[in-house]
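Contents: one structure, followed by commentary.
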Amino acid sequence: MGRPGLKPGAGEDRKEAARFESACGGLPIGECALSSALDDVSSRIGREPAEGGLESGSGRGSWLARASARGGPILMARPISRRRVLQGTLGIAGVLAGSASGLVGLRGWAPAVAGLRCLSRFEYRTVALLATALFPEGGAFPLGASRFDLARRFDGWLADEPDEVKAELKSALLLFEYGPVIFQRRLETFSHLDADARLAHFESWARSDTLVRRKVALGLRKFLSLVFYDQPEVWPSIGYGGPT
Amino acid sequence: MSDGIVDLSVASNVPATLTADVCVIGSGCGGATAAWELAKAGRQVIVLEEGGDFTGPQLTGRDGAMYDQLYMDRGGRATEDLAISVLQGRVLGGGGVINACDVVPIADPVLRHWQKRYGLSDFGPEALASYKARALEDLSANTPREDQVNANNAMLREGTRKLGWRGEVMMHNRVGCVGRGTCLLGCSYNAKKNPRFVAIPAAIASGARFYLRARAVRIDDASAEIKTVRVRRLDGKGYHEQGELTVRAKVVVLAANAVASAQLLLRSGIGNGHVGRHLSLQPQLPITALFERAIDSFRGIPQSWAVTEFEKIDEDDGFWGFRIEAIGGTPGITGSVLPELGPAGKEMMTRYPHIASSLLLVPDRDAGTVSVEKSGRLRIGYAMPDEQKARYRDAARAAARLYLAAGATQVIVPTAKPVFIRSEADLAAIDGLAFEPATTPFISAHQQGTVRFAPSPKDGAADPSGKVYGARDVYVFDSSGFPSTSSSHTMTPILTVSRYLSARLLAS
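For the record, the sequence lines run as chains A and B. Every letter in the first sequence is one number past the one before it in our numbering, and letter 208, counting from 1, is 208. Take any residue in the second sequence, count from 1 to its spot, add 1000: that is its number in our numbering.
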């Protein structure tokens, strides 16, 4: 993949903001920590970003594989300075006070992905990074989710689902992406977390006291697990000889 | 396509309106059997099936493609809170194509329970005996040989014997099984004697026609002599609707499973307030155990041994208690059930050949509902009573004890906060399981109820002949009519009742 995608236009932002408001509409009011997140903004100003500069998407191999191997966030287009973080955070705080559309800025940029049928580049990024968190490369066996582009398979599956299912799952992905902001009072969305924190974030959803979060986690996990372990390349590593 | 089977995704010369004496909706155990009996008696029969026809090598044994093509909602059907995965066949031959082949007829005390508690005097053991025998004959029912009880089942049996509990090798409907182990994704060796290879060819030989990729969406004129069934043609994968046709028939027989039959009645505005109520999902809870030795649960017959020590069958409560049955799973479904993720999850899956699995089958009653939103979207509601949750905890403790007795190093209850049991001292951890929705990988493979048979419309949605109250000659011949859970496995009960009701229809 070459250069990362362009910053999304205002129309895309508005659509995402609308979906976000819709997604949050199903939550118990006490669960939604938007105002608390806003309160946290000032206390976080001046804190160094957890990760340093990030490379653009030039070089060999997929951006996902490279990012996964590096274990760091993969969404920013170019190195970001502390000054930019401060500016951005202050800007976000201002917009947050006005409407949910301010949260859209927290998602950063995502590389363009050719050939998607249903997911936006941001939704694709969420699924891809979740897949690599659930099935990282290395460990008990080398293969990980990045080898199989599970997010594209998710995109292909979702594209053939009824419209209401598409809408629900897109809302679910949006909610999951912004989960750290909404539920944990962080100023980072899921895709900005490091690899360990992404897995921890997912597990916190799977074990949450809130049904909507458990539903999102369960639905995503079932799909990704089923597809990952259905890959013949994985089978030798788990002692399965295939459906002979 | 063979004669008698028309795939609407590709057929170009199908008239916009088809006519028949009988339109059967669903081609599984209920629908195919009814089609066979009615066609044999000289009726013109059309059968509508939403799925495609998959046999032999088309049944690849791959989780992704097969759940997508053989199961309703591409394997994603679930209760609205995602607490229970609702597995339902969507393929020519229905659930019989994708089940574990267990042949467990309705026990006589269950039929007496139906008579005593639900007033179904016509459903006595004597009245159904010949139909039960015929169902066993259709299925070529037989008991697996000793060498067909694989290690996964043998481990559970060993624990059963060590604890002195009751258990049995279940009958099945396989003939010529080679032990591929992918029964839940269909048998590429065509070794299952299911409707696809028994009732459907026989029905076709008697003149019935089966239309595939045909989604029945509404029944109009339900009070008129001629009913109109509105059908959407689906594409080759069954994903998208691409046209319409209608079937006009004097009689409509619903046999699309307890969920879909009720859904169609509700969408059509047919029936009384009982339609969609009284749903039994008979949810099953997977439990796994690790052994030092290789189990290879994915090879051989996945399910042959049942622990029957705790099941209770009598005329007061019907089928009750709980039952533990071994089960083998393909990698995709196993990976989606095990609780660990990330590096620990991968580590766990490297022990896949050492994992034994079973299902805790707990009969339920009236806990669910089927409803349809204004948009036409299906909703399956289910509220698990505390008493039922207590039986799952009892069953989990029993299964853990069985596996430990058989030598397991660890037993796992795969809830979101998993319970790991390494000795009997750990069993107390099961007491804390609350089974909140979407924390536990419950599955339902035996949906029943929703169009309950009852002698009066105040107690049910269909009369004891299967005729839906408030409609003219619209019938249900599947598990929708069962007033309580019929058996631990519904294939044989559905075959039995469908043939019985078909005979009654012909006699009337």
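The beta carbon of each residue, even a glycine, is placed where N, CA and C say it ideally should be. Note that the structure is a prediction, hence the values are computed from the model and not measured.
(Q) Tell me the rounded alpha-carbon separation between residue 105 of chain A and residue 173 of chain A. (A) Translated into positions along the first sequence, residue 105 of chain A becomes position 105. Translated into positions along the first sequence, residue 173 of chain A becomes position 173. In a straight line, the C-alpha of residue 105 of chain A is about 16 Å away from that of residue 173 of chain A.
Q) By the 10 Å Cβ neighbour count, where 16 or more other Cβ atoms means buried, how is residue 1098 of chain B classified, buried or exposed? A) Taking the first residue of the second sequence as 1, we reach residue 1098 of chain B at position 98. Buried is the call here.
Q. What separation, rounded to the nearest whole angstrom, lies between the Cα atoms of residue 170 of chain A and residue 217 of chain A?
A. Here the question's residue 170 of chain A lines up with position 170 in the first sequence. Here the question's residue 217 of chain A lines up with position 217 in the first sequence. Each residue's alpha carbon lies about 13 Å from the other.
Q) Of all the residues that make up the region 130-153 of chain A, which are near chain B by a beta-carbon distance shorter than 7 Å? A) 133, 134, 135, 136, 139, 140, 141
Q) Does residue 977 of chain B come within less than 8 Å of chain A when only Cβ atoms are used? A) Residue numbering for chain B in the displayed model covers 1001 to 1508; residue 977 of chain B lies beyond these limits and cannot be assessed.
Q. Quick one: does residue 1416 of chain B have its CB under 8 Å from some CB of chain A?
A. In the second sequence, the residue the question calls residue 1416 of chain B occupies position 416. Output row for residue 1416 of chain B: interface = yes.
Q. Residues in its own chain within less than 8 Å of residue 1017 of chain B by CB, not counting five upstream and five downstream?
A. In the second sequence, the residue the question calls residue 1017 of chain B occupies position 17. 1245, 1246, 1247, 1248.
Q) Taking all protein chains shown into account, do 16 or more other C-beta atoms lie within 10 angstroms of the C-beta of residue 215 of chain A, making it buried, or fewer, making it exposed? A) For the purposes of this step, residue 215 of chain A is taken as residue 215 along the first sequence, with counting starting at 1. Classification of residue 215 of chain A: buried, given that the 10 Å Cβ count is 16 or more.
**Q.** Residue range of the unbroken alpha helix (DSSP H) whose run includes residue 1210 of chain B
**A.** Here residue 1210 of chain B is taken as the residue at index 210 of the second sequence, counted from 1. Not the alpha helix (DSSP H): residue 1210 of chain B falls in the beta strand (DSSP E), residues 1209-1212.
**Q.** Sequence-distant residues of its chain with Cβ nearer than 7 Å to residue 1081 of chain B (five each side left out)
**A.** Position 81 of the second sequence holds residue 1081 of chain B. For residue 1081 of chain B, where only same-chain residues beyond five positions count, the Cβ hits under 7 Å are 1437, 1438.
**Q.** Pair within 8 Å by beta-carbon distance, residue 1360 of chain B and residue 1287 of chain B
**A.** Within the second sequence, the letter at position 360 stands for residue 1360 of chain B. Within the second sequence, the letter at position 287 stands for residue 1287 of chain B. Going by C-beta atoms, residue 1360 of chain B is nearer than 8 Å to residue 1287 of chain B.
Q. For residue 1036 of chain B, which residues from the same chain have a beta carbon less than 6 Å from its beta carbon, with the 5 sequence-adjacent residues on both sides left out?
A. Start at 1 with the first residue of the second sequence, and residue 1036 of chain B comes out as number 36. Within the same chain, residue 1036 of chain B has close Cβ partners 1199, 1202, 1203.
Q: Using a Cβ cut-off of 9 Å, pull out every chain A residue sitting near residue 1049 of chain B, in sequence order please.
A: Position 49 of the second sequence, counted from the start, is the residue given in the question as residue 1049 of chain B. Result: empty, since nearest Cβ-Cβ is about 20 Å, beyond 9 Å.
Q. Does the beta carbon of residue 1496 of chain B sit closer than 8 Å to a beta carbon anywhere in chain A?
A. Position 496 of the second sequence, counted from the first residue, corresponds to residue 1496 of chain B. No, residue 1496 of chain B lies away from the interface with chain A (no Cβ there is under 8 Å from its Cβ).
**Q.** Of the residues B:1506, B:1503, B:1497, the one placed nearest residue 1028 of chain B, counting alpha carbons only
**A.** As a position in the second sequence, residue 1028 of chain B is number 28, starting the count at 1. Looking at the Cα atoms, B:1497 is the closest of the given residues.
Q) For the 8 Å Cβ check, are there 3 or more pairs between the region 1226-1236 of chain B and the region 1329-1339 of chain B? A) no
Q.
Cβ closer than 7 Å: which chain B residues qualify as neighbours of residue 230 of chain A?
A. Locating residue 230 of chain A in the first sequence gives position 230, counting from the first residue. Near residue 230 of chain A (Cβ distances below 7 Å), the residues of chain B are 1062, 1063, 1064, 1331, 1332.
Q: Could you tell me whether the Cβ atoms of residue 1212 of chain B and residue 1476 of chain B are closer together than 8 Å?
A: Start at 1 with the first residue of the second sequence, and residue 1212 of chain B comes out as number 212. Start at 1 with the first residue of the second sequence, and residue 1476 of chain B comes out as number 476. Not a contact, by the Cβ cut-off of 8 Å.
Q. Using the beta-carbon count (16 or more within 10 Å), is residue 1193 of chain B buried or exposed?
A. As a first step, residue 1193 of chain B must be located in the second sequence, where it is residue number 193. Classification of residue 1193 of chain B: buried, given that the 10 Å Cβ count is 16 or more.
Q: Could you pull the start and end residues of the beta strand (DSSP E) that residue 1058 of chain B belongs to?
A: Working through the second sequence from its first residue, we reach residue 1058 of chain B at position 58. Residue 1058 of chain B -> no beta strand (DSSP E), and no H or E assigned at all.
Q: Compare the C-beta of residue 65 of chain A against all C-beta atoms of chain B and say whether one is closer than 8 Å.
A: Residue numbering aside, residue 65 of chain A sits at position 65 when the first sequence is read from its first letter. Confidence is the limiting factor: at residue 65 of chain A the pLDDT is only 40, short of 50, which leaves the residue's position unreliable and the question unanswerable from this model.
Q | Neighbour flag for residue 155 of chain A against chain B, beta carbons, 8 Å | A | The residue you call residue 155 of chain A lines up with position 155 of the first sequence. No - not a single Cβ of chain B is within 8 Å of the one on residue 155 of chain A.
Q: Label residue 1331 of chain B either buried or exposed according to how many other C-beta atoms from any shown protein chain fall within 10 Å of its C-beta, with 16 as the threshold for buried.
A: Along the second sequence, one-based indexing puts residue 1331 of chain B at 331. By the neighbour-count rule (16 or more Cβ atoms within 10 Å), residue 1331 of chain B is buried.
Q: Under 6 Å Cβ to Cβ from residue 1105 of chain B, same chain only, skipping five residues before and after it: list those, please.
A: Sequence index remark: in the second sequence, residue 1105 of chain B carries index 105 (1-based). Result list for residue 1105 of chain B: 1132, 1492, in chain order.
Q. Excluding five sequence neighbours on each side, which residues of the same chain lie with their C-beta closer than 6 Å to the C-beta of residue 50 of chain A?
A. Taking the first sequence and counting its residues from 1, the one referred to as residue 50 of chain A is at position 50. Caution is warranted here: a pLDDT of 27 is assigned to residue 50 of chain A, below 50, making its placement in the model unreliable, and no coordinate value can be reported.
Q) Is the region 1313-1324 of chain B close to the region 1369-1379 of chain B, with three or more CB pairs under 8 Å? A) no
Q.
In whole angstroms, give me the CA-to-CA distance for residue 1411 of chain B and residue 1130 of chain B.
A. Translated into positions along the second sequence, residue 1411 of chain B becomes position 411. Translated into positions along the second sequence, residue 1130 of chain B becomes position 130. When rounded, the distance between both Cα atoms is 43 Å.
(Q) So residue 222 of chain A contacts chain B; which residues on that side make the cut at Cβ distance below 7 Å? (A) Translated into positions along the first sequence, residue 222 of chain A becomes position 222. Those are 1336, listed as they occur along chain B.
Q: Starting from the beta carbon of residue 244 of chain A, find every residue of chain B whose beta carbon is closer than 8 Å, and list them in chain order.
A: By 1-based counting over the first sequence, the position of residue 244 of chain A is 244. By Cβ distance, chain B contributes 1180.
Q: Give the straight-line distance between the Cα atoms of residue 1165 of chain B and residue 1428 of chain B, rounded to the nearest whole angstrom.
A: Reading the second sequence from its first residue, position 165 is the one you call residue 1165 of chain B. Reading the second sequence from its first residue, position 428 is the one you call residue 1428 of chain B. Those two C-alpha atoms are separated by around 21 Å.
Q: State the beta-bridge partners of residue 1382 of chain B as determined by DSSP.
A: Along the second sequence, one-based indexing puts residue 1382 of chain B at 382. Answer by DSSP bridge pairing, in chain order: B:1368.
Q: List the whole-angstrom C-beta distance separating residue 1453 of chain B from residue 1466 of chain B, where the pair is believed to meet the contact cut-off of C-beta under 8 Å.
A: Within the second sequence, numbered from 1, the residue matching residue 1453 of chain B stands at position 453. Within the second sequence, numbered from 1, the residue matching residue 1466 of chain B stands at position 466. That belief holds up - the Cβ atoms of residue 1453 of chain B and residue 1466 of chain B are roughly 7 Å apart, short of 8 Å.
Q: Jot down the residue ranges of each uninterrupted beta strand (DSSP E) in the region 1388-1418 of chain B, minimum 3 residues, whole runs only, in chain order.
A: 1410-1413
Q: Flag residue 1071 of chain B as yes if its beta-carbon sits less than 8 Å from any beta-carbon of chain A, otherwise no.
A: Mapped onto the second sequence, residue 1071 of chain B falls at position 71. Chain A contact via Cβ: absent.
**Q.** Secondary structure of residue 1488 of chain B, DSSP reduced to three states
**A.** As a working mapping, residue 1488 of chain B is identified with position 488 in the second sequence. In this structure, residue 1488 of chain B counts as coil in the three-state DSSP scheme.
Q) Less than 8 Å separating the beta-carbons of residue 1328 of chain B and residue 1304 of chain B? A) Indexing the second sequence from 1 puts residue 1328 of chain B at position 328. Indexing the second sequence from 1 puts residue 1304 of chain B at position 304. Cβ atoms of residue 1328 of chain B and residue 1304 of chain B: not closer than 8 Å.
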